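Reminder that position 184 of the sequence shown reads as 184 in the UniProt record's numbering, one-by-one numbering, no gaps. Structure first, commentary second.
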Amino acid sequence: MAKIGFIGTGIMGKPMAQNLQKAGHTLFLSEHHDPAPADLVAAGAIALANPKEVAQEAEFIIVMVPDTPQVEDVLFRADGVAAGVGAGKVVIDMSSISPTATKTFAEKIKATGAAYLDAPVSGGEVGAKAATLSIMVGGCPNAFERALPLFQAMGKNITRVGGNGDGQTAKVANQIIVALNIQAVAEALLFAARNGADPAKVREALMGGFAGSKILEVHGERMIKGTFDPGFRISLHQKDLNLALSGARELGLNLPNTANAQQVFSTCAALGGSGWDHSALIKGLEHMANFNIRGE
Numbered sequence: 001m002a003k004i005g006f007i008g009t010g011i012m013g014k015p016m017a018q019n020l021q022k023a024g025h026t027l028f029l030s031e032h033h034d035p036a037p038a039d040l041v042a043a044g045a046i047a048l049a050n051p052k053e054v055a056q057e058a059e060f061i062i063v064m065v066p067d068t069p070q071v072e073d074v075l076f077r078a079d080g081v082a083a084g085v086g087a088g089k090v091v092i093d094m095s096s097i098s099p100t101a102t103k104t105f106a107e108k109i110k111a112t113g114a115a116y117l118d119a120p121v122s123g124g125e126v127g128a129k130a131a132t133l134s135i136m137v138g139g140c141p142n143a144f145e146r147a148l149p150l151f152q153a154m155g156k157n158i159t160r161v162g163g164n165g166d167g168q169t170a171k172v173a174n175q176i177i178v179a180l181n182i183q184a185v186a187e188a189l190l191f192a193a194r195n196g197a198d199p200a201k202v203r204e205a206l207m208g209g210f211a212g213s214k215i216l217e218v219h220g221e222r223m224i225k226g227t228f229d230p231g232f233r234i235s236l237h238q239k240d241l242n243l244a245l246s247g248a249r250e251l252g253l254n255l256p257n258t259a260n261a262q263q264v265f266s267t268c269a270a271l272g273g274s275g276w277d278h279s280a281l282i283k284g285l286e287h288m289a290n291f292n293i294r295g296e
């Protein structure tokens with residue numbers, strides 16, 4: 001059983017940490033930002049003052065925070081992870097952040113003698129709780145093999161994509177696909193409802209055909225019922241699509257449908273919905289159509 005530092009116990013991080021506890025691992029938590037969750041501590045987690053102390057105590061240090069600046073702060077602040085790691089330790093960033101910044105962070109951590117893995121996840125809060133996350137990993141094979149039992153406690157589909165940054169690149173690609181599928185489901189249900197059909201029955205019919213998908217199943221139901229508690233917040237999906245679009249500009253690529261989905265998310269944000277689940281993209285389309293599929 002491993003000694004694991006876990007920094008970032010929010011909507012996704014907390015159930016991931018709980019699954020590591022259930023697997024028998026010992027957790028060390030940092031209280032530099034918020035108090036450690038009481039239920040994790042009650043189950044045996046040890047709360048420490050800052051990321052440096054966590055890194056000194058743990059063999060593996062997992063970071064699960066919202067965005068690139070937060071990862072940089074946790075790693076490289078004066079009392080950050082980099083100040084507490086060294087040879088034999090593995091830093092694992094499971095946040096979804098910039099692939100370019102990831103490569104820089106990895107080199108700085110590796111300069112301390114520690115290994116570095118970028119291992120963003122997909123599957124949302126449901127997958128985090130059920131330990132069924134898809135985990136996309138970038139980093140050296142040896143570090144990946146050492147960390148694999150930890151990943152297996154949190155997820156099911158675990159793939160080493162390549163070197164540092166490649167895990168984050170895979171996650172950005174994932175978020176493009178998810179956003180466009182959410183928009184496709186939302187547009188289809190809006191079209192059906194505006195044409196007088198029952199969107200719930202249309203969804204039921206489509207689930208049995210080639211249009212069937214996990215997003216139609218889960219997010220389509222949320223759209224019909226209007227249950228938009230996150231989940232995965234629109235603001236976070238906007239962040240991920242910004243990574244896609246900025247990366248595309250660097251590569252000289254045009255991603256027109258990704259840009260369009262980002263605009264619809266921006267409409268939701270303008271309506272006060274940055275904190276809505278990303279399935280609430282339909283509310284942006286409904287606003288533009290002046291029509292609501294739920295009859296609200």
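Where is the CB? At the ideal position from N, CA and C, for every residue including glycine. Note that this is a predicted model, so its numbers are computed, not measured.
For the alpha helix (DSSP H) holding residue i, just list the boundary residues, first then last.
{"i": "D93", "result": "First-last for D93: 90-93, but that is the beta strand (DSSP E), not the alpha helix (DSSP H)."}
{"i": "T267", "result": "256-270"}
{"i": "T68", "result": "68-76"}
Given a cut-off of 7 Å, decide if residue j and residue i are closer than it, judged by their beta-carbon atoms.
{"i": "D93", "j": "V71", "result": "yes"}
{"i": "G220", "j": "V185", "result": "yes"}
{"i": "T104", "j": "A82", "result": "no"}
{"i": "A244", "j": "N164", "result": "no"}
{"i": "V63", "j": "V54", "result": "no"}
{"i": "E31", "j": "A47", "result": "yes"}
{"i": "T159", "j": "M136", "result": "yes"}
{"i": "V90", "j": "F60", "result": "yes"}
Among the options, which one has its Cα closest to the Cα of residue i?
{"i": "G196", "options": "I293, K283, A58", "result": "I293"}
{"i": "G284", "options": "V264, W276, N290", "result": "V264"}
{"i": "Q238", "options": "W276, V91, R203, L189", "result": "W276"}
{"i": "L236", "options": "A261, H278, A270", "result": "H278"}
{"i": "K14", "options": "R194, H25, A36, V172", "result": "A36"}
Pull up the distance between the alpha-carbon of residue i and that of residue j, whole angstroms please.
{"i": "D118", "j": "F144", "result": "10 Å"}
{"i": "G226", "j": "A280", "result": "8 Å"}
{"i": "L241", "j": "R249", "result": "12 Å"}
{"i": "Q183", "j": "D198", "result": "19 Å"}
{"i": "N50", "j": "E57", "result": "11 Å"}
{"i": "A170", "j": "G273", "result": "27 Å"}
{"i": "K129", "j": "N19", "result": "8 Å"}
{"i": "D166", "j": "D67", "result": "17 Å"}
{"i": "G44", "j": "F291", "result": "51 Å"}
{"i": "M12", "j": "S96", "result": "12 Å"}
{"i": "S266", "j": "A192", "result": "24 Å"}
{"i": "T258", "j": "I176", "result": "6 Å"}
State the start and end residues of the unbroken beta strand (DSSP E) segment that holds residue i.
{"i": "A115", "result": "115-118"}
Given 8 Å, three or more beta-carbon pairs between the stretch 136-152 and the stretch 111-127: Verdict: yes, contact present.
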